[in-house]
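Notes for the one structure printed next.
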Amino acid sequence: MAFHISLKSVSKGDVVLIFSPNSILFPVAFLAVTSIGAIATTANPLYTVKELSHQISDSKLKLIITVDQLFSKVNGFNLPIINLGNFSDLIEKSRNHAALSPSVSQSDVVAILYSSGITGLSKGVVLTHRSIIATALMVTSHQEFYKEG
Numbered sequence: 012m013a014f015h016i017s018l019k020s021v022s023k024g025d026v027v028l029i030f031s032p033n034s035i036l037f038p039v040a041f042l043a044v045t046s047i048g049a050i051a052t053t054a055n056p057l058y059t060v061k062e063l064s065h066q067i068s069d070s071k072l073k074l075i076i077t078v079d080q081l082f083s084k085v086n087g088f089n090l091p092i093i094n095l096g097n098f099s100d101l102i103e104k105s106r107n108h109a110a111l112s113p114s115v116s117q118s119d120v121v122a123i124l125y126s127s128g129i130t131g132l133s134k135g136v137v138l139t140h141r142s143i144i145a146t147a148l149m150v151t152s153h154q155e156f157y158k159e160g
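Sequential numbering from 12 applies to the sequence shown in the working numbering.
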């Protein structure tokens, strides 16, 4: 999938919207976006076109990844779209291709997540790779790991 994202002229530092309900393909899309150094942003599938318009404009998107049932909400934004409904085709067509894996540092932005906007329009919260690593370490620090036997 990362290969197909890069075919849409998306590169390190570009923002990609993942607009999909929860599914197994959501983390696949997130990892594909971030594996090429691009920045993932997400939106609630219940957003209206007006709410999407604000986020799309604010984050300066280069690409939208979505599903069939949400296509009508994003089709009018004049941006390239990858349809997760065609996931099997995407995998088949990229079987012999690899996406570029640029150098990424912990201080690079990995995601822009939007707040609920209780004081007006939603606002983007910038997350770095370092913040994701710190969160993973925090979550796993109190977990006990047992060896077999």
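Note that CB positions come from ideal geometry on N, CA and C, so glycine has one too.
Starting from the C-beta of residue i, find all residues in its chain whose C-beta is less than 8 Å away, skip the five residues before and the five after it, and write them out in chain order.
i	result
Pro113	Ser22, Lys23, Ile47, Gly48
Locate the alpha helix (DSSP H) running through residue i, then write down its first and last residues.
i	result
Ile16	13-18
For residue i, which residues of its own chain have a beta-carbon under 7 Å away from its beta-carbon, when the five flanking residues on both sides are left out?
i	result
Phe98	Leu36
Quick check on DSSP: helix, strand or coil for residue i?
i	result
Leu72	strand
Asn97	helix
Thr151	helix
Ile144	helix
Val85	helix
Thr59	coil
Spatial neighbours of residue i within its chain, please: C-beta separation below 6 Å, excluding the five flanking residues on both sides.
i	result
Gly96	Val78, Asp79
Ser133	Tyr125, Ser126
Val60	Lys84
When the Cα atoms are used, what is the spatial distance from residue i to residue j?
i	j	result
Val115	Ile50	11 Å
Arg141	Gln154	21 Å
Phe14	Thr45	12 Å
Asn33	Thr151	23 Å
Return the first residue and the last residue of the beta strand (DSSP E) that residue i is part of.
i	result
Thr130	Premise fails: Thr130 is in no beta strand (DSSP E) and is neither H nor E.
Leu28	26-30
Ala43	Counting along the chain, Ala43 falls outside any beta strand (DSSP E), though it belongs to the alpha helix (DSSP H) covering 36-46.
For chain B, is any of its Cβ atoms less than 7 Å away from the one on residue i?
i	result
Val137	Of the protein chains in this structure there is only one, and it is not chain B.
Run the proximity test for residue i: is its beta-carbon closer than 6 Å to any non-hydrogen atom belonging to the ligand PLP?
i	result
Phe30	The ligand content of the structure shown is nil, which means the ligand PLP is not present either.
Does the segment 61-70 come close enough to the segment 13-20 to have 3 or more Cβ pairs within less than 8 Å? Contact fails: fewer than three Cβ-Cβ distances are below 8 Å.
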